[in-house]
């Protein structure tokens with residue numbers, strides 16, 4: 164399937180994520196967007212790789228749930244339309260530098276400690292590094308405070324895995340929407 | 129439609145709870161009113177049930193710079209768009225107590241209000257009839273005098289029953305949480321179905337937010353609401369004796385003016401002092417209404433004491449209202465914890481409906497967990513989680529303040545900087561509450577009890593009312609001491625925070641102010 168461009172569309176005042184696929188505009192969830200390899204707007208391929216690996220350490224299943232497409236879509240939106248939790252954690256927009264410097268710091272620490280990028284670490288190595296991040300800046304870290312970066316990315320992962328109707332179903336609790344989300348998390 | 133340049137009776141800056149309430153009363157009273165809202169238009173049908181989508185309701189305007197040891201959490205606490213922060217508020221509506229109005233007189237601490245509970249009681253009663261509050265006045269043994277609630281209380285779900293058991297074992301009392309939520313049809317509004325989506329906005333009108341209650345009344349009586357209109361300056365006459373209107377920037381970036389007999393600033397606690405300070409003139413060099421030098425001072429935010437537990441029983445923690453099911457005010461006495469160094473009041477909001485994600489969601493309560501451990505916890509907590517939150521009085525400190533930054537927004541207006549560090553005695557009260565709360569959860573049979581970090585709930589002060597114009601900004605009606613036709617509305621008026629949620633008091637003050645304005649219109653505007 165050919166993908167050409169991606170744009171925001173508006174529907175009833177609600178920002179929907181639209182993709183133009185094969186010349187037709189369609190709405191996709193980040194999970195579907197990932198499966199269809201929709202191009203990223205903000206994140207680089209290396210950042211996506213690191214982000215998905217970190218997401219799997221923080222909450223397994225988050226990469227497949229479209230964590231990278233979710234974050235990329237939100238970073239591409241105007242500050243008014245962004246739905247990332249970081250918006251109320253004391254960081255002023257734009258938020259892209261926070262993510263890019265944090266992911267770079269993660270790779271720096273991984274290389275400093277293990278001589279490899281984060282995505283290439285073993286499961287044990289990556290879990291240990293995340294454990295360090297949760298407490299303090301790991302060795303080789305240079306970027307936003309590691310515990311804060313951990314907190315923000317962990318919450319992003321929780322958003323895509325458990326903040327949706329499917330996530331509620333996984334927990335066997337009722338969603339009980341008055342008004343259903345148009346997609347799973349703002350696409 | 130009122131056009132920019134046309135003179136109106138009143139221009140109200142902000143369409144949140146206080147602005148909408150005053151707009152409705154003035155419009156019903158025959159005044160020509162325009163409301164300018166910096167954020168976008170909202171209606172109930174745009175309120176999507178999702179903790180992620182709910183973030184649209186949080187502040188998304190010009191950045192606010194936060195400093196100090198205990199930041200106020202402006203983006204989280206403030207609102208953006210029509211209805212303001214009331215669109216994501218939890219509708220917990222307890223009253224302030226009598227002693228809250230006389231903290232300086234009674235305890236030689238903090239400040240006094242320029243009015244007493246008796247002055248405000250009729251307006252609490254009026255507002256609860258108009259907006260609809262559910263509760264049980266008899267069970268609420270701590271409640272100051274007032275009419276019974278017009279609706280029966282919130283139903284009790286398993287989480288509430290389980291935690292109440294802990295309070296009972298500790299010799300403490302619980303009562304239904306007073307909520308501005310319908311437990312029966314009220315003024316044509318639907319009945320709450322207790323789905324816990326309160327802070328995502330309530331599209332069925334069960335929760336008393338401005339889009340459901342006051343704004344329809346205001347519009348029916350001719351008030352005009354203009355969204356995406358950011359006020360950049362308050363205008364004065366040549367002598368600086370009166371305000372003449374406001375300047376605002378619309379969505380296209382065009383700057384216009386609305387001229388008015390009366391200006392009401394109802395743009396929340398941080399933006400109100402920012403606008404006053406940024407509107408300085410040669411007649412008001414330190415900002416409008418700032419002869420006292422107190423514009424911006426005494427910003428307060430309730431420290432939130434968060435207690436969590438896991439129970440073997442099913443808690444059905446996803447049911448109920450986001451604010452909770454039960455109330456306890458046994459520790460409301462200011463000196464209840466004397467000897468610990470703590471001073472002030474607090475209440476427990478008990479058994480809050482909770483969602484898996486977001487800042488107050490289940491996952492965030494155990495931020496230390498990740499990987500498979502987080503999945504295991506989520507599956508357990510989804511069915512056995514319980515929580516309660518203490519609203520801790522934040523004693524006013526003059527240095528906790530809104531000031532202007534050197535940075536400017538896209539319209540050239542200096543950004544607001546908010547500095548806040550919790551008063552030492554309030555911090556000790558927060559710690560005392562946490563100890564009490566953990567003991568209650570253990571008594572209730574929790575197999576695991578833990579606490580959260582200090583949260584910031586609500587933002588108050590910054591344009592406080594007072595009897596003395598030398599150390600306050602407004603009188604007891606919110607009328608600025610310096611400029612009679614410039615009023616402030618909202619929680620920024622509070623000289624002390626009490627230990628209760630501010631929304632009911634915001635409405636009571638707005639009702640009292642509206643009545644005063646209509647009765648004294650000519651003397652206020654000139």
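Residue numbers (the numbering used here), protein chains in the order written: chain A, 164 to 350; chain B, 129 to 654. The beta-carbon is built from N, C-alpha and C at its ideal position, and this holds for glycine as well.
- The beta-carbon distance between residue 623 of chain B and residue 524 of chain B, rounded to whole angstroms, is 6 Å. This is short enough to meet the 8 Å contact definition.
- When Cβ-Cβ separations below 8 Å define contact, residue 534 of chain B makes no contact with chain A.
- In the three-state DSSP reduction, residue 245 of chain A falls in the coil class, being neither helix nor strand.
- Per DSSP, the unbroken beta strand (DSSP E) holding residue 163 of chain B starts and ends at 161-164.
- Counted as a single uninterrupted DSSP element, the alpha helix (DSSP H) harbouring residue 259 of chain A occupies residues 259-277.
- Minimum Cα-Cα distance from residue 553 of chain B among the listed residues B:522, B:547 and B:530 corresponds to B:522.
- Within chain B, the C-beta atoms nearer than 7 Å to that of residue 330 of chain A come from 484, in chain order.
- If you compare the alpha carbons of B:532, B:241, B:560 and B:224 with that of residue 414 of chain B, the shortest gap goes to B:532.
- In the displayed model, residue 305 of chain A falls within coil according to three-state DSSP, outside both helix and strand.
- In this model, residue 634 of chain B and residue 365 of chain B are separated by some 30 Å (Cα to Cα).
- Nearest to residue 240 of chain A by alpha-carbon distance, out of A:203, A:281, A:213 and A:275, is A:203.
- Apart from sequence neighbours up to five positions away, the residues of its chain that approach residue 560 of chain B with a beta-carbon distance below 6 Å are 465, 468 and 470, ordered along the chain.
- Listed along the chain, the chain A residues whose CB falls inside 8 Å of the CB of residue 331 of chain B are 341 and 342.
- A residue is called buried when at least 16 other Cβ atoms come within 10 angstroms of its Cβ; residue 379 of chain B does not meet this threshold and is exposed.
- At least one CB of chain A lies nearer than 8 Å to the CB of residue 183 of chain B.
- Here residue 170 of chain B is buried: its Cβ has 16 or more other Cβ atoms, across all protein chains shown, within 10 Å.
- Contact between residue 417 of chain B and residue 404 of chain B holds: their C-beta atoms lie close to 6 Å from each other, under 8 Å.
- With respect to the 8 Å criterion, residue 269 of chain B and residue 292 of chain B are not classified as neighbours on the basis of their beta carbons.
- Taking each of B:516, B:138 and B:433 in turn and checking the Cα distance to residue 305 of chain B, the smallest one comes out for B:516.
- Contacts with chain A (Cβ-Cβ distance below 8 Å) from the region 435-446 of chain B involve 446, listed in chain order.
- Take residue 233 of chain B, set aside five residues on each side of it, and the residues of its chain with a beta-carbon closer than 8 Å to its own are 240, in chain order.
- Rounded to whole angstroms, the gap between the alpha carbons of residue 574 of chain B and residue 440 of chain B is 8 Å.
- For the 8 Å CB-CB criterion, residue 223 of chain A and residue 496 of chain B do not form a contact.
- Look at residue 321 of chain B here: in three-state DSSP terms it is coil, with no helix or strand label.
- Neighbours of residue 582 of chain B in chain A, taken as residues whose beta carbon is under 8 Å from its own, are absent, since the nearest beta carbon is some 14 Å off.
- In the DSSP assignment, residue 393 of chain B forms a beta bridge with B:141 and B:616.
- Between residue 610 of chain B and the set B:284, B:421 and B:299, the nearest pair of CA atoms involves B:421.
- The C-beta of residue 223 of chain A comes closer than 8 Å to at least one C-beta of chain B.
- The C-beta of residue 443 of chain B has 16 or more other C-beta atoms within 10 Å across all chains shown, which makes the residue buried.
- Contact annotation for residue 246 of chain A against chain B: 180, 181, 183 and 184 [CB-CB distance below 8 Å, chain order].
- For residue 309 of chain B, the secondary structure class from DSSP, reduced to helix, strand or coil, is strand.
- Under the three-pair Cβ rule at 8 Å, the region 423-431 of chain B does not count as touching the region 632-652 of chain B.
- Taking every protein chain shown into account, the CB of residue 321 of chain B has fewer than 16 other CB atoms within 10 angstroms, so this residue is exposed.
- Taking a 10 Å sphere around the C-beta of residue 615 of chain B, we find 16 or more other C-beta atoms and assign the residue as buried.
- Taking residue 345 of chain B as the centre and dropping the five residues before and after it, the same chain places the C-beta of 152, 155 and 156 closer than 8 Å to its C-beta, in chain order.
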